[in-house]
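Trainee: Before I ask anything, here is the structure I am working with.
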Amino acid sequence: MRKYHQHFCIGQSVQGLRLDFHCFDVQDIPPLAKREDIPPLDVLFLGAFHGDEPESAELCFRLLHDLHHDATLGEGLRLGVVPIVNPDGLLLKTRKNQRNVDLNRNFETQNWEASSPEEPYHGGVLPFSEPESRCIAQLVNQTAPKLILSYHTPYRLINYDGPLPQTEELATRYAHACDYPAEASIGYPTPGSFGNWAGVERGIPVLTVELPEGERMNDLWAVHRGAIEVVLARL
Ligand SMILES: [Zn+2]
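In numbering that gives the first Met the number 0, the protein residues as written are 0 to 234.
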């Protein structure tokens, strides 16, 4: 079956760089001129929450390439991809965004914590103080994905947040397919994280895929494409 692809800008970073969203649909739908036009999604993929984790963006671009060229990948599903959540950080090669905020601690959760800007995981002066995290939250609220895959480095594991046992089952299947461990906790608290916001507080299964560093992207993508196909087949 042919896939229909549209992409457009859903927001801006602090510096004014585009946050691009790609939508692959099973049917031809009216042009998506603005974010409000985006229909509900089956799966949302997110890359480069942290600017010093470029492998996560590159993996999302490999995904975009294959979605363009191979109609069997994601067949029958409506998929969304934001390959670069933190374009300012990617440009600066920093974990945080241009205002020195860790976007993965800037979500409005019950456990969000105030912290000093010097701290490595500083979550902003307030929850949702940053345009990038607000943009992703609006996208998730509007499109209500059935599954979210958020890519990071460098721990080589699958961390998961969301309703059980469904989320654990999806994480275990993904982890098994790439021979990584699946972990309910990453080993340290993550107040204000995207996984807390979307998975714990909104009940959307979130797999935080921690890629290893230093592996050839061709090899990494081959493994993760296989794992993605395994979990998409379960939806
Ligand atoms: Zn990260």
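Glycine residues also receive a C-beta, built at the ideal position from the N, C-alpha and C atoms. Owing to the predicted nature of the structure, the values given are computational and were not obtained by experimental measurement.
Just to confirm, is the Cβ distance from leucine 66 to leucine 78 under 8 Å?
Mentor: Reading the sequence shown from its first residue, position 67 is the one you call residue 66. Reading the sequence shown from its first residue, position 79 is the one you call residue 78. Closer than 8 Å, so yes.
Trainee: Look up phenylalanine 127 in the DSSP assignment and give the residues it is bridged to.
Mentor: Residue numbering aside, residue 127 sits at position 128 when the sequence shown is read from its first letter. Answer is none; phenylalanine 127 lacks a bridge partner.
Trainee: If you measure between the beta carbons of leucine 16 and proline 86, is that distance less than 8 Å?
Mentor: Taking the sequence shown and counting its residues from 1, the one referred to as residue 16 is at position 17. Taking the sequence shown and counting its residues from 1, the one referred to as residue 86 is at position 87. The answer is yes: Cβ separation under 8 Å.
Trainee: Using the Cα positions of isoleucine 147 and leucine 63, report the straight-line distance between them to the nearest angstrom.
Mentor: Counting from one through the sequence shown, the residue named residue 147 turns up at place 148. Counting from one through the sequence shown, the residue named residue 63 turns up at place 64. So the alpha carbons of these two residues sit roughly 16 Å apart.
Trainee: Counting Cβ pairs, one atom from each stretch, are 3 or more of them under 8 Å apart for the segment 37-57 and the segment 212-227?
Mentor: yes
Trainee: Per DSSP, what are the beta-bridge partners of glycine 10 in this structure?
Mentor: Within the sequence shown, residue 10 is the residue found at index 11, counting from 1. Leu18.
Trainee: Under 8 Å, do isoleucine 135 and leucine 45 count as touching if we go by C-beta distance?
Mentor: Within the sequence shown, numbered from 1, the residue matching residue 135 stands at position 136. Within the sequence shown, numbered from 1, the residue matching residue 45 stands at position 46. Yes, the Cβ-Cβ distance between isoleucine 135 and leucine 45 is below 8 Å.
Trainee: Can you tell which of Glu212, Val229, Lys2 and Ala143 has the C-alpha that lies nearest to the C-alpha of alanine 264?
Mentor: The chain is shown only over 0 to 234; residue 264 falls outside these bounds and no answer can be derived.
Trainee: Run through DSSP, which three-state label would alanine 221 get?
Mentor: The count along the sequence shown starts at 1 and reaches residue 221 at position 222. Looking at alanine 221 - three-state DSSP - the assignment turns out to be helix.
Trainee: Alpha carbon to alpha carbon, how far is lysine 2 from histidine 49? Give it in angstroms, no decimals.
Mentor: To locate residue 49, count along the sequence shown from 1; it is residue 50. To locate residue 2, count along the sequence shown from 1; it is residue 3. Rounded to the nearest angstrom, the two C-alpha atoms are 30 Å apart.
Trainee: Could you tell me the alpha carbon to alpha carbon distance between histidine 21 and leucine 138, rounded to whole angstroms?
Mentor: As a working mapping, residue 21 is identified with position 22 in the sequence shown. As a working mapping, residue 138 is identified with position 139 in the sequence shown. The alpha-carbon atoms of histidine 21 and leucine 138 are separated by roughly 12 Å.
Trainee: Any heavy atom of ligand 2 inside 7 Å of the beta-carbon of glutamate 57?
Mentor: For ligand 2, the structure offers nothing, since it holds only ligand 1.
Trainee: Alpha carbon to alpha carbon, how far is threonine 207 from leucine 169?
Mentor: Here residue 207 refers to the residue found at position 208 when the sequence shown is read from its first residue. Here residue 169 refers to the residue found at position 170 when the sequence shown is read from its first residue. Going by the C-alpha atoms only, they are around 11 Å apart.
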